[in-house]
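Numbering (this note's numbering), first residue to last: 2 to 132.
Think of the CB as a built atom: it goes at the ideal place given N, C-alpha and C, for glycine as much as any other residue.
Scroll down for the structure; my scribbles are underneath it.
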């Protein structure tokens with residue numbers, strides 16, 4: 002099994018509703034996102050998937066989040082845009098967009114600062130991802 006990981010960034014504001022603390026106030030982060038894909042096969046060149054393809058897909062997803070208030074997005078109107086739920090949303094978006102049957106999204110990590118992150122990863126393959 003092979004794992005391929007790329008990183009990208011976006012900047013956005015958010016607030017955590019019903020949170021008792023500073024994060025209940027509107028504030029921003031320069032998020033760093035890591036996405037890891039898995040495959041059990043390589044192409045004739047020796048690649049599972051080109052890093053450029055992964056990066057392009059991730060950047061398209063992050064464009065929807067960049068320089069906005071995450072709470073205003075449909076995905077986060079009912080749920081808080083916490084690091085955990087941002088990672089899950091990106092994971093599900095990437096899984097939905099992945100067009101190669103032999104490539105699976107393994108995990109997504111959302112870093113809200115240099116020393117704090119949350120990771121969402123694939124569970125049992127018989128369990129469909131939550132939206």
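Name the one or two DSSP bridge partners that residue i has.
i	result
residue 104	40
residue 117	114
residue 13	30
residue 20	The partner list for residue 20 (beta bridge, DSSP) is empty, contrary to what the question assumes.
Taking the beta carbon of residue i as the centre, do at least 16 other beta carbons fall within 10 Å, making it buried, or is it exposed?
i	result
residue 49	buried
residue 28	exposed
residue 89	buried
residue 106	buried
residue 26	exposed
residue 68	exposed
residue 18	exposed
Less than 7 Å separating the Cβ of residue i from some heavy atom of the ligand GDP?
i	result
residue 28	Among the components modelled here there is no ligand, and therefore nothing to report on the ligand GDP.
Rounding to the nearest angstrom, what Cα-Cα distance links residue i and residue j in this structure?
i	j	result
residue 44	residue 108	22 Å
residue 11	residue 66	7 Å
residue 110	residue 36	7 Å
residue 20	residue 42	45 Å
residue 5	residue 38	5 Å
residue 84	residue 104	25 Å
residue 95	residue 7	13 Å
Compare the C-alpha of residue i against each of the options and name the closest.
i	options	result
residue 51	99, 119, 116 and 123	99
residue 114	96, 69, 81 and 13	13
residue 117	2, 32 and 15	32
residue 123	73, 93 and 5	93
residue 120	91, 97, 79 and 2	91
residue 30	2, 60, 70 and 53	70
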